[in-house]
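Protein chains: 2
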Amino acid sequence: MNYSFSNKVSNLKPSAIREIMKYTALPEIIPFAAGNPAPEAFPAKQAEEITHKILSENPIAALQYNITEGYTPLRETIKKRLASQGCFNPDIDDVITTSGGQQGNELSCKVFLNEGDTLICESPSFIGSLNSFRSYGVHLVGIELEDDGIDLNKLEAALKTNKNTKIIYVIPNFQNPTGKCMSFEKRKGVYALAKKYDVVILEDNPYGEIRFEGENIPSIKTLDNDGRVIYVGSFSKVIAPGLRVGFVSAPKDIIQKIVVCKQVSDVHTNILAQMLCNSFLNDYDFEAHLLKLREIYRHKCKLMLSEIDKNFSKKLITTRPQGGLFIWATLPDSCDMMDFCKKAVERKVAVVPGNAFIIDENEKTSCFRMNFSTPTDEQLIKGCEIIGKLSKEMFD
Amino acid sequence: MNYSFSNKVSNLKPSAIREIMKYTALPEIIPFAAGNPAPEAFPAKQAEEITHKILSENPIAALQYNITEGYTPLRETIKKRLASQGCFNPDIDDVITTSGGQQGNELSCKVFLNEGDTLICESPSFIGSLNSFRSYGVHLVGIELEDDGIDLNKLEAALKTNKNTKIIYVIPNFQNPTGKCMSFEKRKGVYALAKKYDVVILEDNPYGEIRFEGENIPSIKTLDNDGRVIYVGSFSKVIAPGLRVGFVSAPKDIIQKIVVCKQVSDVHTNILAQMLCNSFLNDYDFEAHLLKLREIYRHKCKLMLSEIDKNFSKKLITTRPQGGLFIWATLPDSCDMMDFCKKAVERKVAVVPGNAFIIDENEKTSCFRMNFSTPTDEQLIKGCEIIGKLSKEMFD
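Protein chains in written order, with the numbering used here: chain L, 1 to 396; chain D, 397 to 792.
Set out below in structure tokens:
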């Protein structure tokens, strides 16, 4: 049989970076291309204790169907945490748990956008979200990122040009792939523009709690006085990604629509995982866990940056993130980025070519992404040495 | 802010049956309206043993990101089980695990159907699947169900009329909501028509393993010699629904598209739950578990049917299922079904009005659905007594 797939799925083309990415699973490859949280930060022992307790004392609740909105005690816990962070009114109906932050972004898109509607995002931005938006036939417009976040002038120009814009999608904290953090001034600016052009903001914050340097910046959601910000959070980076537990907080009119879409997608999120997260947040010292976790990432990031300083050609510029998992590197303009990445993987270091993260994969970019959470210290040192040597051979 | 939701989501209207359904959570209501598997059938002790073992011995694998296709050993196990049931070639790339069978149906729809394309289904059919198809703006055509399954003449007529049909969606075993089972002759007929009109069959089989009477009938998938059947399975009814683990088996060209859509939806299914299912299937006596489970449902179904025979007006006709969770009742034509259901819930028995399951909710139907897996024996007896009394008052 010859299959006739839907347009939206046919348009999701196999990525040009697949060829490089397929090497990244090989054990001999140094995994700078990954995005996995550091496994030494997983609360494995506590997860065992908690699941033992749940499945001994309350197994039916963990195994039976539950409501689509999510495990109520976890939603209460999320609300309390958001309220303590200044994130708006603590109403339980403003929160739904999702199967990872990814599902929060996907369903927000499904709820608001028709095929052909415009979604404006940072460029570069997270490939998983971009593909999710593409899978609904959405028109994507990417706006350049400055060091302190999205370029507000270009954002306004895009809002003027694209009258059918429904959503501005941003990752204000330690953005994937750049590691950049949006300044509070710019957060206010994005919110003001969203208001002026009457669009919704989709604020994706998977990395906000892994700030290991500098001061916290309030989320855009804290500015939201007319219910236009959808805030997406995740436990993937602060507890464990295999659990697939995230959440969305938004005005309940929006949450109700997301509930309808989630119900027809997966009914509800795995309930044992939701109970596990709730117990770990409440019955253990979660703040101490976060401190430990930040210490791990601070160390890894510092190590990678110092090895970069030691080894890389000065013509290769990188960001210096204060949190998250990623460093963004920019090659000299004249360089063929894809050629550079291929050479790196031939020498057993995998990085992600920058065009994975831009709207038009064929657009020229001279950047690539490096991850510091997955490699061991030894791999960080060795990998930077190899890329450093390559960069010096090519540019110095 | 006034929200402008997408057409596909705006069109998902709050159901006319919501008013009745909201009573069903009340503890004093006898839950004939539910669809929950019997909790006494959950392998709670084994789940505790298995998660203890996984999280003690191999916690990182259970907590880290995994591949979208699913936990490889579970996919191997699923393939072996399908092969032993005659379900086509045992290639690992023909299987993906999903977050429940619901996600399998949803993603199959997303992969094949553009807005406005036609999907033909049984009428009545499972509301969760229907709403999932509606959420993609699909044109639904419902075909009448006879006692041995879909009406093949009407199916062919619909295929002739609706040239843009992409999928025929069927639940051959103990269909939700009717409990009816499609004969092998009809399965062959559906497959032949799919071939003649070159469409895909989406075969949803959540209940196939809870046959408690009669002989197994081979799935449509076993007839598939040209790769047009997408088979959706689930562990919700045979292990536990809270885990949200199901699977799709189809030719790998289709699976690859489903993988792309799943990746942007929830990245992968909760990994601990997948490991749990795999261990329960392999390290325990799963066949003995199934026998126990079938015995529970056989008992409950028999009890409900004998109480129906004892109490109901003879003008109220019901199906007599050989498996699954549901019995379908038909009132006399002259009766106002919604009025009957409202009276039943006033007397503390909730059933699901039949229009929940038909394509056009406003179409007249004189049926309702009763579930026998959730109520206790006492509730089954009491509930049938109440509905019986009501039916005799109204019809005799």
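Where a beta carbon is used, it is the ideal one built from N, C-alpha and C, also for glycine.
Identify the contact partners of residue i in chain D, using a Cβ-Cβ distance below 7 Å as the criterion.
i	result
L/S56	E444
L/T51	T447, L451
L/G100	D662, V663
L/K257	F401, V405
L/V248	Correct list: empty, because the minimum Cβ distance to chain D is about 13 Å.
Where does the unbroken beta strand (DSSP E) through residue i begin, and where does it stop?
i	result
D/N767	763–767
L/G233	229–234
L/L12	First-last for L/L12: undefined, no H or E at that position.
L/L398	Examination of residue 398 of chain L is not possible in this model, given that chain L is present from 1 through 396 alone.
D/S579	No beta strand (DSSP E) holds D/S579; DSSP gives it neither H nor E.
L/N202	One point to set straight first is that residue 202 of chain L is Leu, not Asn, in the sequence displayed. Run containing L/L202: 200–204, per the beta strand (DSSP E) assignment.
L/V95	95–98
In the DSSP assignment, find the alpha helix (DSSP H) that holds residue i and state where it starts and stops.
i	result
L/H299	286–311
D/C517	Premise fails: D/C517 lies in the beta strand (DSSP E), 514–519, not in any alpha helix (DSSP H).
L/I359	From DSSP, L/I359 is part of no alpha helix (DSSP H); its letter is neither H nor E.
D/S480	468–480
D/I523	523–530
D/F643	Careful: D/F643 lies outside any alpha helix (DSSP H), inside the beta strand (DSSP E) at 642–645.
D/M734	733–742
D/E552	548–557
Run through DSSP, which three-state label would residue i get?
i	result
L/K166	strand
D/Y587	helix
L/P59	helix
D/P435	helix
L/V141	strand
D/P637	helix
D/L793	Because chain D spans 397 through 792 in this model, residue 793 of chain D falls outside it and cannot be assessed.
L/E391	The sequence as given places Ser at residue 391 of chain L; Glu does not occur at that position. It is helical.
D/I650	helix
L/R211	strand
D/E511	coil
D/T726	strand
D/T618	helix
D/A440	helix
L/V260	helix
D/A746	strand
Name, please, each residue of chain D whose Cβ falls closer than 8 Å to the Cβ of residue i.
i	result
L/I60	P435, F438, A440
L/V260	V405, L408, N527, S531
Cβ atoms of residue j and residue i: under 8 Å apart, would you say?
i	j	result
D/E436	D/I692	yes
L/T178	L/T68	no
D/L786	D/K739	yes
L/I96	L/I258	yes
D/C505	D/L536	no
D/I626	D/G720	no
L/I167	L/V199	yes
D/G642	D/S661	no
L/F340	L/M394	yes
D/K404	D/S519	no
D/I783	D/F708	yes
D/L639	L/A47	no
D/I426	D/A746	yes
D/S615	D/E599	yes
L/Y71	L/M338	no
For a contact defined as C-beta to C-beta under 7 Å, what are the partners of residue i on chain L?
i	result
D/R624	M1
D/P602	By Cβ distance, chain L contributes nothing, its closest Cβ being about 12 Å from D/P602, past 7 Å.
D/V586	Near D/V586 there are no residues of chain L at all, since even the closest Cβ is about 15 Å away, more than 7 Å.
D/Q775	Those do not exist, as D/Q775 stays about 16 Å from chain L at its closest Cβ, beyond 7 Å.
D/I667	G242
D/Q499	S265, D266
Along chain A, in chain order, which residues have C-beta atoms closer than 8 Å to that of residue i?
i	result
L/I254	Included in the structure are the protein chains L and D, with no chain A among them.
Closer than 9 Å by beta-carbon distance: list the chain D residues that pair up with residue i, in chain order.
i	result
L/Q64	N432, P433, P435, F438, A636, P637, G638
L/G397	The displayed coordinates of chain L run from 1 to 396. Any statement about residue 397 of chain L would go beyond what the structure contains.
L/E106	V660, S661, D662
Residue i touches chain L at which residues, Cβ-Cβ below 9 Å?
i	result
D/Q718	Here the premise fails: no neighbours, minimum Cβ distance about 24 Å.
Please list, in chain order, the chain L residues whose beta carbon lies closer than 8 Å to that of residue i.
i	result
D/G524	Q263, V264, V267
- In chain order, what residues of the region 504–519 of chain D put their CB closer than 8 Å to some CB of chain L? K506, V507, F508, L509, N510, E511, D513
- Query: Along the region 73–97 of chain L, what residues have a CB closer than 8 Å to any CB found in chain D?
  - Reply: none
- Scan the region 192–203 of chain L for residues whose Cβ lies nearer than 8 Å to a Cβ of chain D and list them as they occur along the chain. D198, V200
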